[in-house]
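Before any comments, here is the structure.
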Amino acid sequence: MKVAFFSAKQYDINAFDAANDGGIDFTHLHPSLDLRTCVLAEGHDAICVFVNDTLDAATLEEIQKLNIKYIALRSAGTNNVDLKKANELGLKVVSVPAYSPEAVAEFAVGLMLTVIRKYHKAYARVRDSNFTLTGLEGFNLQGRTVGLIGTGKIGMCVGRILAKGFQSKVIAYDIKRDEKAAAEAGVEYVDDLDTVLKNSEIISLHAPLLDSTKHIINADALRKMRDGAVLINTSRGGLIDTKALVEALKSGKLRAVALDVYEGEEAYFYQDSSDKVIHDDLLSRLMSFHNVFISGHQAFLTHEALAGIAETTIKNLLQLHAGEECPNEVKA
Ligand code: NAD
1 MKVAFFSAKQ YDINAFDAAN DGGIDFTHLH PSLDLRTCVL AEGHDAICVF
51 VNDTLDAATL EEIQKLNIKY IALRSAGTNN VDLKKANELG LKVVSVPAYS
101 PEAVAEFAVG LMLTVIRKYH KAYARVRDSN FTLTGLEGFN LQGRTVGLIG
151 TGKIGMCVGR ILAKGFQSKV IAYDIKRDEK AAAEAGVEYV DDLDTVLKNS
201 EIISLHAPLL DSTKHIINAD ALRKMRDGAV LINTSRGGLI DTKALVEALK
251 SGKLRAVALD VYEGEEAYFY QDSSDKVIHD DLLSRLMSFH NVFISGHQAF
301 LTHEALAGIA ETTIKNLLQL HAGEECPNEV KA
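Those letters in the sequence shown? Residues 1 to 332, by my numbering.
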């Protein structure tokens, strides 16, 4: 089976080499997939893609014309694929629904500590031989109310770490409750989103990006949050209306924000733009706030998660190739 592997980074190649016993012939392609680059998939049976590859209707039509049969996502989120169109075209799509939720959950908690205890500022100061502490005051996580939006695999893990490890009070909103897991994790469900927004000192986003969750954190939601709230997003950039977030930051409403994902990240994340000008004014504005920490969609990046992604993706592809049912097939 020949697979065109888009957005290939050395850490992906290493993880897939370790998991592949030769059953799949991968062509590693550094460009990300879009309408211009999809021609690189010619001569392959399948394509393998990541979060910032674009699989819109036009790209999928071209992919189908190249006789590609399968699309293997190396991610849990499927928001970058027009699933309806893929189904119409008879393209089978598979994903990796679960791979080390702890990787993302631990990173999310790390982001909380980073912006609350100001690790990033301390690092920069000490590098400059400045050992003063003024301005680095933070607060304890113990006893603080943390609100989760989404309590699936990652959200519940964040809740468990905070409730059991830090003894925080963890409240959560989810459209689908898992009462048993919540009780075990020490997470308390509340009835609506507003209760999370109004009562949390820290809010962490763990819902997928869907039509129903796009801009779930908009101007109205930001207004409802407590003054001085901390907002953490390790899920998808589109959950936040970035313009409204910038306004909230300018007004001093929020104490700090940490983002591992950003609405327009496709244009910049996973690329070195250090010798270029950033044309995205919202991203530049976010980067300019002293109380905003941004990382480039790296929450998943642990050895355990990379190995899990590689193993599941290879299994998915081999099952499709053998004409077997794949439990990780995703449909619109
Ligand atoms: P999951 O499917 O296990 O959980 C998602 C939860 O969100 C579900 O419980 C669902 O009911 C809930 N939800 C859906 N709509 C909601 C709404 N309107 N309000 C509140 N809750 C809602 O997914 P997961 O494995 O926990 O992953 C969550 C998200 O994290 C993924 O969709 C992906 O976007 C993101 N992610 C990011 C990274 C990263 O590197 N930053 C890595 C993996 C996943």
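Built from N, CA and C at the ideal position, the CB exists for glycine as well. If you're wondering where the values come from, they're calculated on a predicted model, not measured in any experiment.
For aspartate 241, count neighbouring C-beta atoms within 10 Å of its own C-beta (all shown protein chains included) and say buried if the count is 16 or more, exposed if not. Along the sequence shown, one-based indexing puts residue 241 at 241. With 16 or more Cβ atoms within 10 Å of its Cβ, aspartate 241 is classed as buried.
Are aspartate 260 and asparagine 233 touching if we call contact CB-CB under 8 Å? Stepping through the sequence shown from its first residue, residue 260 is reached at position 260. Stepping through the sequence shown from its first residue, residue 233 is reached at position 233. Yes, the pair counts as a contact, with Cβ atoms nearer than the cut-off.
Using DSSP's beta-bridge definition, name the partner residues of threonine 27. Working through the sequence shown from its first residue, we reach residue 27 at position 27. Answer by DSSP bridge pairing, in chain order: Ala4.
Just to confirm, is the Cβ distance from threonine 313 to valine 96 under 8 Å? Sequence index remark: in the sequence shown, residue 313 carries index 313 (1-based). Sequence index remark: in the sequence shown, residue 96 carries index 96 (1-based). Taking 8 Å as the Cβ cut-off, threonine 313 and valine 96 qualify as a contacting pair.
Coil, strand or helix - lysine 214 by DSSP: In the sequence shown, residue 214 corresponds to position 214, counting from 1. Here lysine 214 sits in coil by DSSP.
If we call anything under 8 Å between Cβ atoms a contact, is alanine 258 one with valine 115? For the purposes of this step, residue 258 is taken as the residue at position 258 of the sequence shown. For the purposes of this step, residue 115 is taken as the residue at position 115 of the sequence shown. Closer than 8 Å, so yes.
Would alanine 305 and serine 100 qualify as a contact pair, given that the criterion is a beta-carbon distance under 8 Å? Against the sequence shown, residue 305 aligns to sequence position 305. Against the sequence shown, residue 100 aligns to sequence position 100. The answer is yes: Cβ separation under 8 Å.
Is the segment 64-76 touching the segment 267-277, taking contact as three or more C-beta pairs under 8 Å? no
Are there 16 or more other CB atoms within 10 angstroms of the CB of phenylalanine 107, so buried, or fewer, so exposed? Your numbering for residue 107 matches position 107 in the sequence shown. Answer is buried; the Cβ neighbour count reaches 16.
Can you name, in chain order, every residue of its own chain whose Cβ lies under 6 Å from the Cβ of glycine 237, other than the five neighbours on each side? Indexing the sequence shown from 1 puts residue 237 at position 237. Only Val261, Tyr262, Glu263 and Glu265 meet the Cβ criterion.
Inspect the beta-carbon positions of alanine 185 and arginine 160 and report whether they are closer than 8 Å. The count along the sequence shown starts at 1 and reaches residue 185 at position 185. The count along the sequence shown starts at 1 and reaches residue 160 at position 160. In this structure, arginine 160 lies closer than 8 Å to alanine 185 by Cβ.
Go through its chain and collect everything with a Cβ distance to arginine 144's Cβ below 6 Å, but skip five positions before and after it. As a first step, residue 144 is located in the sequence shown; it is residue number 144 there, counting from the start. For arginine 144, same chain residues with a beta-carbon under 6 Å away, outside a window of 5 residues either side, are Ser168 and Glu201 in chain order.
Taking buried to mean at least 16 other C-beta atoms within 10 Å of its own C-beta, is serine 7 buried or exposed? Position 7 of the sequence shown holds residue 7. Buried, because 16 or more other Cβ atoms sit within 10 Å of the Cβ of serine 7.
My guess is that leucine 60 and lysine 92 are in contact by the Cβ rule of under 8 Å, so how many angstroms apart are they, rounded? In the sequence shown, the residue the question calls residue 60 occupies position 60. In the sequence shown, the residue the question calls residue 92 occupies position 92. That belief does not hold up - the Cβ atoms of leucine 60 and lysine 92 are roughly 12 Å apart, past 8 Å.
Any heavy atom of the ligand NAD within a distance shorter than 7 Å of the CB on valine 158? Taking the sequence shown and counting its residues from 1, the one referred to as residue 158 is at position 158. Checking every heavy atom of the ligand NAD against the Cβ of valine 158, none is found closer than 7 Å.
Along the chain, which unbroken stretches of the beta strand (DSSP E) at least 3 residues long are found entirely within the segment 176-205? 187-189 and 202-205
Bridge-paired residues (DSSP) for valine 170: Within the sequence shown, the letter at position 170 stands for residue 170. Answer by DSSP bridge pairing, in chain order: Val146 and Val187.
Relative to the ligand NAD, is the shortest distance from any of its heavy atoms to the C-beta of glycine 155 smaller than 7 Å? In the sequence shown, counting from the first residue as 1, residue 155 sits at position 155. Checking every heavy atom of the ligand NAD against the Cβ of glycine 155, one is found closer than 7 Å.
Closest Cα partner of histidine 181 within the set Leu162, Gly152 and Ile175: Along the sequence shown, one-based indexing puts residue 181 at 181. It should be noted that the sequence gives alanine, not histidine, for residue 181. Measuring from the Cα of alanine 181, the nearest candidate turns out to be Gly152.
Between which two residues does the beta strand (DSSP E) harbouring asparagine 233 extend? The residue given as residue 233 occupies position 233 in the sequence shown. Its beta strand (DSSP E) spans residues 229-233.
Closer than 6 Å by C-beta to glycine 155: which residues in its own chain qualify, once you throw out the five before and the five after it? Chain order, please. Taking the first residue of the sequence shown as position 1, residue 155 is located at position 155. Only Leu148 and His206 meet the Cβ criterion.
Could you give the distance in angstroms between the alpha-carbon of alanine 18 and the alpha-carbon of leucine 254? Taking the first residue of the sequence shown as position 1, residue 18 is located at position 18. Taking the first residue of the sequence shown as position 1, residue 254 is located at position 254. Near 44 Å, if we compare the C-alpha coordinates of leucine 254 and alanine 18.
For asparagine 52 and serine 288, what's the separation of their Cα atoms in angstroms? Working through the sequence shown from its first residue, we reach residue 52 at position 52. Working through the sequence shown from its first residue, we reach residue 288 at position 288. Straight-line spacing of the CA atoms in asparagine 52 and serine 288 works out to 24 Å.
Please identify the residue among Ala307, Val230, Gln271 and Arg117 whose C-alpha is closest to the C-alpha of arginine 74. In the sequence shown, residue 74 corresponds to position 74, counting from 1. Comparing Cα-Cα distances from arginine 74 to each of Ala307, Val230, Gln271 and Arg117, the minimum goes to Ala307.
Ignore the nearest five residues each way along the sequence and tell me which others in alanine 248's own chain have a CB closer than 6 Å to its CB. Here residue 248 refers to the residue found at position 248 of the sequence shown. Around alanine 248: Leu222 and Leu254.
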